[in-house]
Amino acid sequence: MKSYPIKELLSNVPILHEVVVNGWVKTFRSNRFIALNDGSTINNIQCVVDFEQFDEELLKQIATGAALKISGTLVESQGKGQNVEIQVKDIFVHGSADPETYPIQPKKHSLEFLREKAHLRVRTNTFAAVMRVRSALSFAVHQYFRDNGFYYVHTPIITGSDAEGAGEMFRVSTLDPKNPPVTEEGNVDYKEDFFGKETNLTVSGQLEAETYAMGLGKVYTFGPTFRAENSNTSRHLAEFWMIEPEVAFNDLDANMDLAEDFIKNVINYILDNCKEDLEFLEKRLLDEEKSKPQIERSEMALLEKLRFVSENNFKRVSYTEAIDILRNCKPNKKKKFKYSIDEWGADLQSEHERFLVEKHFKCPVILFDYPAKIKAFYMRLNEDGNTVRAMDILFPGIGEIVGGSQREERLDVLKEKIETLGIDEKELWWYLDLRKFGTAVHSGFGLGFERLVLFATGMGNIRDVIPFPRTPQNAEF
Ligand code: 4AD
Ligand code: MG
């Protein structure tokens with residue numbers, strides 16, 4: 083007899099077929115109704131047991147969490163809530179789950195509790211739905227770039243450079259921390275280390291992606307990145323996945339067009355392909371928000387919000403315009419911001435970004451032409467000498483979801499910048515080579531994948547949209 087995924091059983095198998103199904107018990111009611119789920123869909127298959135036909139000892143092992151193989155006949159369901167069910171002929175218990183100790187019982191568990199059970203939480207409807215949507219989004223990312231002539235490049239995870247210049251890196255070393263070799267000056271001698279130099283986990287694949295864009299034209303990376311920022315927020319992870327396209331001959335406007343089109347496309351993909359999971363997540367969010375005061379609730383339900391983003395243009399605003407808006411807005415004048423905005427040049431905090439998106443424009447916003455001082459070294463300097471061709475995309479409920487720029491392609495300007503910032507030019511010799519040999523206008527951006535999943539699923543904490551979150555003081559599992 084053939085075994086079927088539950089997704090297929092519920093939609094695609096003729097009535098009266100003899101079937102086999104494997105899965106985990108969600109609930110077992112009245113010693114008669116097993117709700118079985120195998121992860122292929124949010125929906126369970128109901129398996130109806132004639133308990134008089136089965137050994138009591140066997141039935142005792144059927145509890146929430148147990149893994150079963152069930153054989154029987156697919157029939158039209160007598161009850162409400164499902165079209166088909168299985169009349170059970172045979173049950174094999176792969177493994178039972180003791181109700182006294184199995185933590186995922188059929189009741190409401192808090193997300194915080196489930197974070198501590200991250201190895202089991204995917205067996206809840208919420209996490210299974212989130213992870214299916216995450217997987218679909220990841221597929222959509224690759225599909226989008228493939229359909230648009232991009233090549234996928236695997237940039238290194240161990241690197242000697244700090245692309246963002248923020249110094250928030252995890253060191254990679256095989257030296258004995260108790261007894262490292264030292265130089266004559268008394269510093270750790272990294273010449274003796276595995277790579278013969280200081281190395282770290284990458285904070286971004288951009289610099290290497292640029293080298294490939296200058297030969298393959300359109301490339302993207304999609305891999306893990308690591309930041310040792312001590313930010314304990316609901317938007318930061320120490321290990322997160324970033325999507326970074328890089329395109330030769332694109333200027334900043336083309337870069338913004340690409341980012342907007344890309345985001346809309348992947349959102350449309352899940353609207354078309356993850357309907358049941360998104361509907362479940364929408365209900366979950368509505369439930370969660372019932373306990374919140376009215377003003378903290380979302381203005382739109384999840385699906386409406388996703389459609390809104392996919393159907394409307396993002397608002398493009400220069401940093402200078404944004405500062406004017408912020409300087410004169412009510413919360414700033416009434417000193418409601420933690421960081422007040424007094425002058426041009428200030429770095430925007432997430433409270434400011436969220437004000438612009440959620441209160442002022444009420445749609446996704448692309449801010450561009452930021453002060454050079456607050457952005458990374460590689461961004462192209464504008465004619466004004468003060469601003470760079472940077473762009474950040476800000477999303478409702480999320481804040482910054484994309485950071486990108488047109489890159490400085492002029493060797494002399496880039497060298498001067500590197501020198502003023504005190505970066506070691508020798509470390510970047512290969513990056514400077516790109517500006518010596520066939521340099522050209524080029525642009526790219528980085529999208530934090532978990533922030534996209536956060537937005538797409540309506541979850542509130544980034545730790546709940548990655549299987550095993552890494553955050554300060556936490557690397558369990
Ligand atoms: O703005 P960032 O730092 O930009 C870069 O790394 C560029 N090199 C990208 C490029 O141009 N190729 O990071 C890009 C995005 C942010 O907008 C945010 O979505 C996400 O990465 N991000 C994080 N996501 C989760 N946890 C963190 N600690 C993050 N830091 C950045
Ligand atoms: Mg950024």
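In our numbering, the protein residues as written are 83 to 559. Virtual Cβ for every residue (Gly too), placed ideally from N, Cα, C.
**OP:** Throw me the rounded Cβ distance for the asparagine 590 and leucine 298 pair, which I believe falls under 8 Å.
**Re:** Within the shown structure, residues of the chain are numbered from 83 to 559, placing residue 590 beyond reach of any answer.
Subject >> Exposure label - leucine 98; buried when at least 16 CB within 10 Å >> reply: exposed
**OP:** Identify whether asparagine 113 lies in helix, strand or coil by the three-state DSSP scheme.
**Re:** coil
Original post:
What residue range is occupied by the uninterrupted alpha helix (DSSP H) comprising aspartate 229?
Top reply: 207–229
Subject >> alanine 149 versus valine 157 - alpha carbon distance >> reply: 22 Å
Original post:
Is leucine 140 near ligand 1, with its Cβ less than 7 Å from a heavy atom?
Top reply: no
Subject >> Which of helix, strand or coil DSSP assigns to isoleucine 480 >> reply: coil
**OP:** Quick one: residues in its chain with C-beta nearer than 6 Å to the C-beta of isoleucine 483, no 5 flanking neighbours on either side, listed in chain order?
**Re:** Ile475, Phe477, Arg533
Original post:
Between the C-alpha atoms of glutamine 555 and glutamate 371, what's the straight-line distance to the nearest angstrom?
Top reply: 29 Å
Original post:
How is the alpha helix (DSSP H) around aspartate 354 delimited, first residue to last?
Top reply: 334–355
**OP:** Work out the CA separation of leucine 438 and lysine 444 for me, nearest whole Å.
**Re:** 8 Å
Original post:
Which residues count as close to ligand 2 when the rule is a CB under 7 Å from any of its heavy atoms, in chain order?
Top reply: Asp474, Glu482, Gly485
Subject >> Reduced DSSP category for proline 413 - H, G, I as helix; E, B as strand; rest coil >> reply: helix
Original post:
Under three-state DSSP, which class holds valine 544?
Top reply: Residue 544 is actually isoleucine in this sequence, not valine. Residue state, collapsed to three classes: helix.
**OP:** Report buried or exposed for isoleucine 225, applying the criterion of at least 16 other Cβ atoms within 10 angstroms of its Cβ.
**Re:** Sequence inspection shows glutamine at residue 225; the isoleucine mentioned does not correspond to that position. Flag for glutamine 225 reads exposed.
Original post:
Does the Cβ of glutamine 555 lie closer than 7 Å to at least one heavy atom of ligand 1?
Top reply: no
**OP:** Flag this pair as touching only if the stretch 260–274 and the stretch 325–342 have three or more C-beta atom pairs under 8 Å; answer yes or no.
**Re:** no
Original post:
Hey, does alanine 557 have any beta-carbon neighbour from chain C nearer than 8 Å?
Top reply: As a matter of chain content, chain C is missing from the structure shown, which is built from one protein chain.
**OP:** In the DSSP assignment, find the unbroken beta strand (DSSP E) run with tryptophan 323 in it and report its ends.
**Re:** 321–330
Original post:
Cβ of methionine 296 versus every heavy atom of ligand 1: is any distance shorter than 7 Å?
Top reply: no
Original post:
Smallest Cα separation from proline 306: which of Glu501, Ser316, Phe519, Gln288?
Top reply: Gln288
Original post:
Just how far apart, CA to CA, sit valine 102 and serine 153?
Top reply: 4 Å
Original post:
Comparing the CB of arginine 533 with every heavy atom of ligand 1, is any distance shorter than 7 Å?
Top reply: yes
Original post:
According to DSSP, is histidine 434 helix, strand or coil?
Top reply: helix
Original post:
Quick one: is the Cβ of histidine 224 within less than 7 Å of any heavy atom of ligand 1?
Top reply: no
**OP:** Given a cut-off of 8 Å, decide if phenylalanine 527 and tryptophan 323 are closer than it, judged by their beta-carbon atoms.
**Re:** no
**OP:** Within its chain, find whatever has a CB closer than 7 Å to the CB of proline 87; leave out the 5 residues flanking it on each side and keep chain order.
**Re:** Asp120, Ser122
**OP:** Decide if the stretch 138–149 is in contact with the stretch 181–197; the criterion is three or more beta carbon pairs, one per stretch, under 8 Å apart.
**Re:** yes
Original post:
phenylalanine 537 to phenylalanine 344, Cα distance in whole Å?
Top reply: 15 Å
Original post:
Excluding five sequence neighbours on each side, which residues of the same chain lie with their C-beta closer than 6 Å to the C-beta of glutamate 364?
Top reply: Ala383, Leu384, Leu385
Subject >> Cα-Cα separation, lysine 418 to glycine 427 >> reply: 20 Å
Original post:
In the structure shown, what three-state DSSP assignment does glutamine 164 receive?
Top reply: coil
Original post:
Nearest CA to the CA of proline 551: which residue from Ile377, Glu321, Ala341?
Top reply: Glu321
Subject >> Paired residues, beta bridge with tyrosine 233 - DSSP >> reply: Val301
**OP:** Look up tyrosine 421 in the DSSP assignment and say whether it is helix, strand or coil.
**Re:** coil
**OP:** Below 8 Å on the Cβ atoms is my guess for glycine 486 versus alanine 341; work out the distance and round it to an integer in Å.
**Re:** 6 Å
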